[in-house]
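Novice:
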Ligand code: F6P
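In full-length UniProt numbering, the protein residues as written are 1 to 365.
(1) Measuring only the C-alpha atoms, how far is residue 309 from residue 301?
(2) Please list, in chain order, all residues of the same chain as residue 205 whose beta carbon is under 7 angstroms from its beta carbon, the five residues on each side excluded.
(3) My parser needs the alpha helix (DSSP H) runs of 4 or more residues fully inside the stretch 132-172; what are they?
(4) Looking at the structure shown, is residue 428 part of a helix, part of a strand, or coil, going by DSSP?
(5) The beta strand (DSSP E) spanning residue 117 covers which residue range?
(6) Where residue 82 and residue 41 are concerned, what is the direct C-alpha to C-alpha distance, given to the nearest angstrom?
(7) When the distance is taken between beta carbons, is residue 221 closer than 7 angstroms to residue 265?
(8) Could you work out which residue in 293, 114, 234 is closest to residue 174 when comparing CA atoms only?
(9) Could you check what DSSP says for residue 47 in three-state terms: helix, strand or coil?
(10) Does the distance between the C-beta of residue 204 and the nearest non-hydrogen atom of the ligand F6P fall short of 6 angstroms?
(11) Reducing DSSP to helix, strand and coil, say where residue 323 ends up.
(12) Among 172, 55, 281, which residue has its Cα nearest to the Cα of residue 14?
(13) Report buried or exposed for residue 258, applying the criterion of at least 16 other Cβ atoms within 10 angstroms of its Cβ.
(14) As an exercise, report each continuous beta strand (DSSP E) stretch of at least 3 residues that is fully enclosed by the stretch 210-274, in chain order.
(15) Could you check whether the stretch 129-137 touches the stretch 156-170, counting it as contact only if at least three pairs of C-beta atoms, one from each stretch, sit closer than 8 angstroms?
(16) Which stretch, first to last residue, makes up the beta strand (DSSP E) that contains residue 184?
(17) One question on the structure: do residue 169 and residue 193 come within less than 7 angstroms of each other, judged by their Cβ atoms?
(18) Is residue 242 close to the ligand F6P? I mean its beta-carbon at under 6 angstroms from any heavy atom of the ligand.
(19) In angstroms with no decimal places, state the Cα-to-Cα distance between residue 202 and residue 297.
(20) Cβ of residue 283 within 6 angstroms of any heavy atom in the ligand F6P?
(21) In the DSSP output, which residue or residues are listed as bridge partners for residue 296?
(22) Do three or more CB pairs link the stretch 221-232 to the stretch 95-114 at distances below 8 angstroms?
(23) Please confirm whether residue 260 and residue 321 have their CB atoms less than 7 angstroms apart.
(24) Would DSSP call residue 174 helix, strand or coil?
(25) Could you check how far apart the C-beta atoms of residue 57 and residue 124 are, in whole angstroms? I think they sit under 8 angstroms.
(26) Could you give the C-beta distance for residue 288 and residue 154, rounded to a whole number, given that I count them as a contact under 8 angstroms?
(27) If you follow the alpha helix (DSSP H) that residue 13 is part of, which residue opens it and which one closes it?
(28) Rounded to a whole number of angstroms, what is the C-alpha to C-alpha distance between residue 249 and residue 74?
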């Protein structure tokens with residue numbers, strides 16, 4: 001049997017999905033360029049220690065985070081793969097303080113590309129899945145983009161996606177008509193449509209959150225997680241499972257495959273940060289993918305895709321996944337903000353614990 005027969009490649013899928021759409025051919029061509037960069041990053045990450053690219057650089061990015069060698073190499077792979085084709089007017093990346101201007105020798109195009117070149121990169125040295133997240137926005141082609149041109153709400157994204165570098169490399173994307181997954185056939189070098197029209201179940205019994213931050217969360221999040229942990233003997237009346245990979249792409253991928261919720265809420269650990277994840281190149285693209293698969297993405301107090309960005313590297317609280325679970329989290333936040341919830345004191349802070357209740361109240365707000 002010919003193993004190539006009956007297989008939809010990424011290029012064929014894009015031609016079909018974008019046929020007849022304004023700028024469809026250009027958008028398809030840009031996504032093919034992104035996919036080519038993703039293949040280069042997949043090859044680098046797959047070499048592991050043999051590639052000599054593990055470990056940290058003696059540098060920090062704009063967020064003050066230590067840069068890994070692979071962060072910078074992945075960033076370069078995307079810029080070099082997408083700057084020359086006349087399709088993008090500018091790019092912005094987690095690794096660059098200001099937007100990247102397309103060099104004068106290349107034509108500028110109609111799109112802005114925003115990306116996190118290697119999400120979860122603290123995991124590279126321990127051989128756990130990492131990913132690339134990207135978002136495509138429209139731009140008037142004549143003018144070189146200013147930072148303000150990138151500050152568009154997520155609902156205006158024309159495409160979004162991520163690559164996950166796991167046991168298999170996959171590309172998961174949306175152009176606004178469902179969320180679809182492609183698996184890299186490494187021998188042939190093609191992305192093949194293996195997971196068309198992903199659908200997240202509305203209900204779920206699996207949650208993902210870094211519980212080491214529990215004492216810094218707001219009461220509605222403490223309440224939600226406490227009820228999940230109480231399982232069938234508590235409010236929820238059923239047992240829940242917990243996962244934490246510390247790589248958002250991997251958590252989101254699991255949720256797209258079998259449901260669940262992922263939370264990186266606002267906390268008081270670093271009062272200067274209203275959340276950990278960045279709106280433009282982490283929360284927005286992932287929110288679009290989740291919603292296109294029937295899920296929901298919220299800050300706890302509103303839909304992520306409707307936020308008006310105020311800065312390129314803005315951070316936001318993120319709660320996403322199975323629709324009914326995220327709706328419950330929004331309800332808990334609303335009840336708390338109205339003062340309608342029962343005063344919630346986490347068992348972490350009961351009398352016999354290491355912490356005193358007044359610490360919980362002080363840290364929860
Ligand atoms: O910076 C993004 C990120 O690496 C996500 O991919 C991941 O979910 C999170 O940070 C991990 O955070 P923590 O180190 O608190 O577990």
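Don't be surprised by glycine CBs; every beta carbon is placed ideally from N, CA and C.
The structure presented is a predicted model; accordingly, all values stated were derived computationally and were not measured.
Specialist: Once the coordinates are examined:
(1) 15 angstroms
(2) 238, 239, 240, 241
(3) 147-150
(4) Lying before the first or after the last residue shown, residue 428 is absent from the chain, which here runs from 1 to 365.
(5) 111-119
(6) 14 angstroms
(7) yes
(8) 293
(9) helix
(10) no
(11) helix
(12) 172
(13) exposed
(14) 241-243, 261-264
(15) yes
(16) 180-185
(17) no
(18) no
(19) 13 angstroms
(20) no
(21) 321
(22) no
(23) yes
(24) strand
(25) At roughly 12 angstroms, the Cβ-Cβ gap does not stay under 8 angstroms, so residue 57 and residue 124 are not in contact.
(26) 6 angstroms
(27) 10-18
(28) 15 angstroms
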